[in-house]
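Visitor:
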Amino acid sequence: MSVRDLLYSAYERQLLGRLRPDQVPAHVGVIVDGNRRWAKGAGGDVVSGYQAGADKIIDFLGWCDDLDVKVVTLWLLSTDNLQRPEPEIRVLLGVIGNLVDQLTALQRWHVRLIGNLDLLPSDLAGSLEAAAASTSGVDGMEVNLCVGYGGRQELTDAVRSLLREQSEQGRTIDEVAEVLDVEHIAEHLYTKGQPDPDLVIRTSGEQRLSGFLLWQSVHSEFYFCEALWPAFRRVDFLRAIRSYAERERRFGQ
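The sequence shown begins at 14 in this note's numbering and counts up by one.
(1) What residue does the alpha helix (DSSP H) around W88 start on, and which one ends it?
(2) If you draw a straight line from the alpha carbon of P98 to that of G224, how long is it in whole angstroms?
(3) To the nearest angstrom, how far is the alpha carbon of G62 from that of F245?
(4) Please classify D131 as buried or exposed, where buried requires at least 16 neighbouring CB atoms within 10 angstroms.
(5) Could you pull out every residue in the same chain whose Cβ sits closer than 7 Å to the Cβ of G107, ignoring the five residues on either side in sequence?
(6) Are S230 and H201 touching if we call contact CB-CB under 8 Å?
(7) In chain order, which alpha helix (DSSP H) runs of at least 4 residues are fully inside the stretch 94-180?
(8) Over what stretch of residues does the beta strand (DSSP E) that includes R215 continue unbroken?
(9) Whose C-alpha, out of V41, I44, Q64, is nearest the C-alpha of A52?
(10) May I ask you to list the residues that DSSP assigns as paired with Y24?
(11) Is the Cβ-Cβ distance between T204 and G161 less than 8 Å?
(12) By how many angstroms is the C-alpha of G42 removed from the C-alpha of E12?
(13) Which first and last residues belong to the alpha helix (DSSP H) in which E261 is found?
(14) Rounding to the nearest angstrom, what Cα-Cα distance links P38 and Y257 in this structure?
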């Protein structure tokens with residue numbers, strides 16, 4: 014082990030030693046950004062970037078589990094990403110399919126798919142759903158994988174689902190409008206039944222949400238990290254947790 018590795022290890026222990034269990038966020042959301050830029054900088058192709066990003070996700074989930082985080086939401090594929098060239102999309106979908114197979118085979122975490130799977134090839138959507146369903150009985154950390162996800166798409170789907178439900182119960186649009194409140198919409202979000210994210214992390218130096226969990230992140234704390242996702246280290250994660258722990262959350266009050 015190099016001197017640099019020893020220093021990082023000591024620093025990690027220092028960060029962990031100062032962190033109390035009650036300071037750990039229950040739900041962490043992550044925008045895993047920078048895979049293609051990392052590959053370019055490393056002299057590799059886009060496949061190597063996406064694969065390195067997938068490998069990092071497995072590491073990251075282990076770090077979260079070690080801290081007893083209850084829910085992790087990872088944005089893997091946005092609705093905007095689906096506009097990329099078809100060969101690149103094919104590669105990315107293949108990496109995502111393999112990642113889901115790896116995570117579900119571990120039977121360590123309860124994996125859920127978040128997004129509009131109708132936007133994906135039907136055979137892939139079916140295999141992803143079947144793999145995720147195999148973890149439904151796992152009593153472990155909940156892992157949401159956002160695939161074919163967009164914040165505006167989620168809100169559109171939530172309202173559509175709500176209106177269909179109310180219509181099936183015989184209510185008119187005017188009757189729904191009279192009683193509609195925040196909780197009615199929340200009950201139809203992809204993340205229904207889960208707590209909203211306490212902390213949202215974005216890598217690669219970009220400082221925007223790009224539509225990630227628009228509804229759920231209204232009271233979230235944000236942490237923007239310069240590291241590209243495949244280069245994101247455990248010490249970077251612990252720094253994000255430390256930053257979160259130092260903040261006073263007022264929830265708008």
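Note that CB positions come from ideal geometry on N, CA and C, so glycine has one too. Remember, it's a predicted structure, so these values are computed and weren't measured experimentally.
Guide: In this structure, then:
(1) Per DSSP, W88 lies in no alpha helix (DSSP H); the unbroken beta strand (DSSP E) holding it starts and ends at 84-91.
(2) Cα to Cα, P98 sits roughly 21 Å from G224.
(3) Computed Cα separation, rounded: 13 Å.
(4) Looking at its Cβ environment, which holds fewer than 16 other Cβ atoms inside 10 Å, D131 is exposed.
(5) The answer is none, since no qualifying residue turns up.
(6) By the CB criterion at 8 Å, S230 and H201 fall outside the cutoff.
(7) The qualifying runs are 99-119, 135-146.
(8) Going by DSSP, R215 is part of the beta strand (DSSP E) stretching over 212-215.
(9) Among V41, I44, Q64, the Cα nearest to that of A52 is on Q64.
(10) Per DSSP, Y24 has no beta bridge partner at all.
(11) No, the pair does not count as a contact, with Cβ atoms beyond the cut-off.
(12) This structure does not reach residue 12, given that the chain is present from 14 up to 266, and the question cannot be answered.
(13) Taken as a continuous stretch (DSSP letters only), E261 belongs to no alpha helix (DSSP H), as it is neither H nor E.
(14) Straight-line Cα distance between these residues: approximately 8 Å.
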